Amino acid sequence: MNPSNYIVLSAILFSIGAVGVLVRRNAIVVFMSVELMLNAANLAFVAFANMNGNLDGQTVAFFVMVVAAAEVVVGLAIIVTIFRTRRSASIDEPNLLKY
Amino acid sequence: MTELMPAEGVFSLIWLLIALPLAGAAVLLFGGRRTNAWGPYLGILTVSASALIGWLMLLGMLQNSPEQRTFDQTLFSWVFVGDFKADMAFQLDQLSMVFVLLITTVGALIHVYSLGYMSHDKDRRKFFGFLNLFIGAMLILVLANNYLLLYVGWEGVGLASYLLIGFWQHKPSAAAAAKKAFVINRVGDVGLSLAIMLMFVTFGSVSFEEVFGNAGQASEGTLNAIGLLLLLAAAGKSAQFPLQAWLLDAMEGPTPVSALIHAATMVTAGVYLIARSNAIFDLAEIAALAVVIVGVITVFMGAVIGSAKDDIKKSLAGSTMSQIGYMITAVGLGPVGYVFGIFHLLTHGVFKAGLFLGAGSVMHGMNDNVNMRRYGAVRTVMFITFITFAAGWLSIMGIPPFSGFWSKDEIIHAAFEKGLLTGILLIIAAGITGFYMTRMFIMTFLGKARWEPDVHPHESPKVMTIPLIILALGSVFLGMALLFWGNIETWLEPVVGYAEVDAPISTSVAIALGLLAVGIGVLVAYLMYQRRPVPEEAPHGSWLTRAAREELYGNQVNHALVVAPTLQTARVVSVLDAKGIDGAVNGSAAFVGALSGRLRRFQTGFVRSYALSMVGGAVLVVLALVLVRAS
Chain A
71 MNPSNYIVLS AILFSIGAVG VLVRRNAIVV FMSVELMLNA ANLAFVAFAN
121 MNGNLDGQTV AFFVMVVAAA EVVVGLAIIV TIFRTRRSAS IDEPNLLKY
Chain B
3 MTELMPAEGV FSLIWLLIAL PLAGAAVLLF GGRRTNAWGP YLGILTVSAS
53 ALIGWLMLLG MLQNSPEQRT FDQTLFSWVF VGDFKADMAF QLDQLSMVFV
103 LLITTVGALI HVYSLGYMSH DKDRRKFFGF LNLFIGAMLI LVLANNYLLL
153 YVGWEGVGLA SYLLIGFWQH KPSAAAAAKK AFVINRVGDV GLSLAIMLMF
203 VTFGSVSFEE VFGNAGQASE GTLNAIGLLL LLAAAGKSAQ FPLQAWLLDA
253 MEGPTPVSAL IHAATMVTAG VYLIARSNAI FDLAEIAALA VVIVGVITVF
303 MGAVIGSAKD DIKKSLAGST MSQIGYMITA VGLGPVGYVF GIFHLLTHGV
353 FKAGLFLGAG SVMHGMNDNV NMRRYGAVRT VMFITFITFA AGWLSIMGIP
403 PFSGFWSKDE IIHAAFEKGL LTGILLIIAA GITGFYMTRM FIMTFLGKAR
453 WEPDVHPHES PKVMTIPLII LALGSVFLGM ALLFWGNIET WLEPVVGYAE
503 VDAPISTSVA IALGLLAVGI GVLVAYLMYQ RRPVPEEAPH GSWLTRAARE
553 ELYGNQVNHA LVVAPTLQTA RVVSVLDAKG IDGAVNGSAA FVGALSGRLR
603 RFQTGFVRSY ALSMVGGAVL VVLALVLVRA S
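First to last, the sequence lines map onto chains A and B.
Going by our numbering, the residue at position 85 of the first sequence is 155; the numbering climbs one at a time, nothing skipped.
Going by our numbering, the residue at position 255 of the second sequence is 257; the numbering climbs one at a time, nothing skipped.
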């Protein structure tokens, strides 16, 4: 199978994730979209590792997973806290930090 | 040749002469209200103690031979930078000795007088503090053994003069007069500081000993430059043409201040400076000639102004200008004149202080009114003041045997050596002196009473009349005492030099001409003010009278030449500053401010819009990369 297909798939997944982040209001869904983008990147890394015949890309993919896991913990905690105070998970409502 | 004696015995106390009044000033000025009760007495005590030490020193000095009367006391090395060296060192010789006696003795008398004159002033303590400060600074001026230390005293008396002219600073006129005196003095001070710098460049030192010792080696141009700069300094301090305008306004100060600072001592510092620098002026002919010219011009200006003023203090101030003009003329004449310039300075210091204090005594009885047109017949109520003022009046006119006669006629005689014109001008001025002093005397003490309705004149208390009596005795006897008993010529000769006058006319002719001129002046004044009633309102007067009332337009000239251009420049610079420099600075700040106002609108607070910008940015970066790769 042509390795470039993986890259194309990765690009498609990344784009879906990016659009999801931009258009969805629900913080949880935005979060999931972010995960989608991260994993699209992981896929690209692994595909490049396979194409180049070394393990560098795979190593980075593992790092990304660990960082993503940590990010999920922090991010979810923030979302839950905001939900508790505002009874809403919309990311458009907390807009106090502006000019 | 004079030799420098170490300061031993009573002369080891030279520093104490200065330290006493300065300490008094420090206690009174820093002590605050706590010293209110006893402060004035402390002020009198310190000055009297200095005077006592001064007289003891005179006795000590008389023990030594004339060559051994210069005492030197070095306290410590004051400035020591590279080649430049100035010591905190004092030199007491015959010239400084007479000044010390004049300053401390007349100063002490005026301190005592002030006790009565200022008895109702709530800031009495401050007044005595300033007076003490003045005495200390003036003693530094005359006792310094180098020009830099002299400059300290020079500035110190300027400061004291400023503080005391503006002592009643709640009066705007007094505050303005103080400022004016300070600013005009500053012009002269620039002359002195430049002279000191030039001396250092030329001689490598600013001490009297080295400057005078090496004066012969400097070029004549340099000496003339130094001489002219010293003359500028003297003109500023001594209110000589063209820096004379401040002295009349200085009469805004309390009368004891006018007597002490603006008649007897400080304004004569210019005469001291020139007499002290005789080694330079003897070799600088142009500068010496300029001194004479300035002196003669001021003799006339002062006399004319004094003749027209109705304000008794301003009339006396014009007279002071005129008399200092005589002294300046005398010291410009060279060795024939130095001695008599100083001689006249001493007698003038005493009789003019007496006249001013007498005027103060009259004002004290007249509710501080200074307008002589509202005086008249004061002799009937203030007999002591009348008699003492009369002594001063006869003395300043140069009537024998009063003090002023001996000193002034010697100056007039010496002036004939310079040229017939100088001598004749001084004789005419002596006639004007006779006129304005008689006018003042008649308007104040004789004639009919023209008092304001609510005025009840009375003789001043003893604390004021006793100094008046002492000064009046000085006005009568000091001239004879100094000339016949003190031998003022031989006394001062080792310091300033002395030469017999070699004039085309003899002394007796000069005296006769001088007395004739004074007699005419007195007669004119008698006819104008005694035979005719004095109007209570000043008449319109001739153009000369009006010009003299306006102080010969000195203020207008200053305004046109200096003040107006300065103000105009300041206005232009101020507009440039506001519109140009401030405009650029404020404009750029406003631009940045407006820009940030726009830019902050991007901070919407919506996370998704931030994310969109990030994506947009990332897309742009990728596009750029692709384009770069593709090309």
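Every residue, glycine too, gets a C-beta built ideally from N, C-alpha and C.
All values derive from a computational prediction rather than experimental measurement.
For A/Ile-161, the C-beta contacts it makes with chain B under 9 Å involve Phe-608, Val-609 and Arg-610, in order along the chain. The beta carbon of A/Asn-112 sits no closer than 8 Å to any beta carbon of chain B.
DSSP, reduced to helix, strand and coil, places A/Leu-167 outside both helices and strands of the structure shown, so it counts as coil. A/Asn-165 has a beta carbon lying within less than 8 Å of a beta carbon in chain B.
Against chain B, the CB of A/Ala-88 has a partner CB under 8 Å away; the residue lies at that interface. Residues of chain B whose Cβ lies closer than 7 Å to the Cβ of A/Leu-92 are, in chain order, Arg-610, Ala-613, Leu-614 and Val-617. The beta carbon of B/Met-120 sits closer than 6 Å to those of Arg-126 and Phe-129, all from its chain and outside the five residues before and after it, given in chain order.
Under a criterion of Cβ atoms nearer than 9 Å, the residues of chain A adjacent to B/Arg-602 are, in order, Lys-168 and Tyr-169. Counting along the chain, the unbroken alpha helix (DSSP H) around B/Pro-174 starts and ends at 174-205. Think of a sphere of 7 Å around the beta carbon of B/Gln-605: the chain A residues whose beta carbon falls inside it are Lys-168 and Tyr-169, in chain order. Around the beta carbon of B/Asp-579, fewer than 16 other beta carbons sit within 10 angstroms, so the residue counts as exposed. Where B/Ser-79 is concerned, the enclosing beta strand (DSSP E) starts and stops at 72-83. The straight-line gap separating the alpha-carbon atoms of B/Val-465 and B/Ala-266 is approximately 20 Å. B/Ile-513 is the residue among B/Val-630, B/Ile-513 and B/Leu-200 whose C-alpha sits nearest the C-alpha of B/Ile-414. Secondary structure at A/Leu-125: coil, using DSSP grouped into helix, strand and coil. Between B/Ser-477 and B/Gly-351, the gap from beta carbon to beta carbon reaches 8 Å or more.
The beta carbons of B/Pro-337 and B/Tyr-149 sit no closer together than 8 Å. When DSSP reads this structure, B/Gln-171 sits in no beta bridge, so it has no partner.
Per the coordinates, the alpha-carbon of B/Pro-541 lies some 11 Å from the alpha-carbon of B/Arg-375. Nearest to B/Phe-302 by C-alpha distance, out of B/Ser-633, B/Gly-425 and B/Thr-106, is B/Gly-425. Using a Cβ distance threshold of 8 Å, B/Phe-86 and B/Phe-205 do not count as a contacting pair. The region 98-168 of chain B is shown to contain whole alpha helix (DSSP H) runs of 4 or more residues at 126-145 and 149-167, in chain order. Distance from B/Ser-317 to B/Ile-398 at the Cβ level is roughly 12 Å; contact not present, criterion being Cβ atoms closer than 8 Å.
The bridge partners DSSP lists for B/Pro-506 come to none. Comparing alpha-carbon positions, the option among A/Asn-96, A/Arg-94, A/Asn-72 and A/Glu-105 lying closest to A/Phe-84 turns out to be A/Glu-105.
Here B/Met-90 is bridged, per DSSP, to B/Phe-78. For B/Ala-176, the closest alpha carbon among the candidates B/Tyr-164, B/Ile-490 and B/Gln-70 is that of B/Tyr-164.
Between B/Lys-311 and B/Ala-361 a beta carbon distance of about 12 Å is seen, past the 8 Å cut, so the two are scored as non-contacting. Residue pairing by DSSP places B/Asn-373 opposite B/Asp-313 in a beta bridge. Ranked by Cα distance from B/Gly-367, the options B/Thr-349, B/Ile-386, B/Phe-479 and B/Phe-353 are led by B/Ile-386. Contact between B/Ile-112 and B/Leu-262 holds: CB atoms are separated by about 5 Å, below the 8 Å threshold.
Counting only unbroken stretches of 4 or more residues, the alpha helix (DSSP H) elements lying wholly within the region 259-306 of chain B are 271-278 and 280-283, in sequence order. In this structure, A/Val-116 lies near A/Gln-128, with their beta-carbon atoms less than 8 Å apart.
The straight-line gap separating the alpha-carbon atoms of B/Phe-78 and B/Ala-21 is approximately 15 Å. The C-beta distance from B/Leu-230 to B/Ala-289 rounds to 5 Å, short enough to fall under 8 Å.
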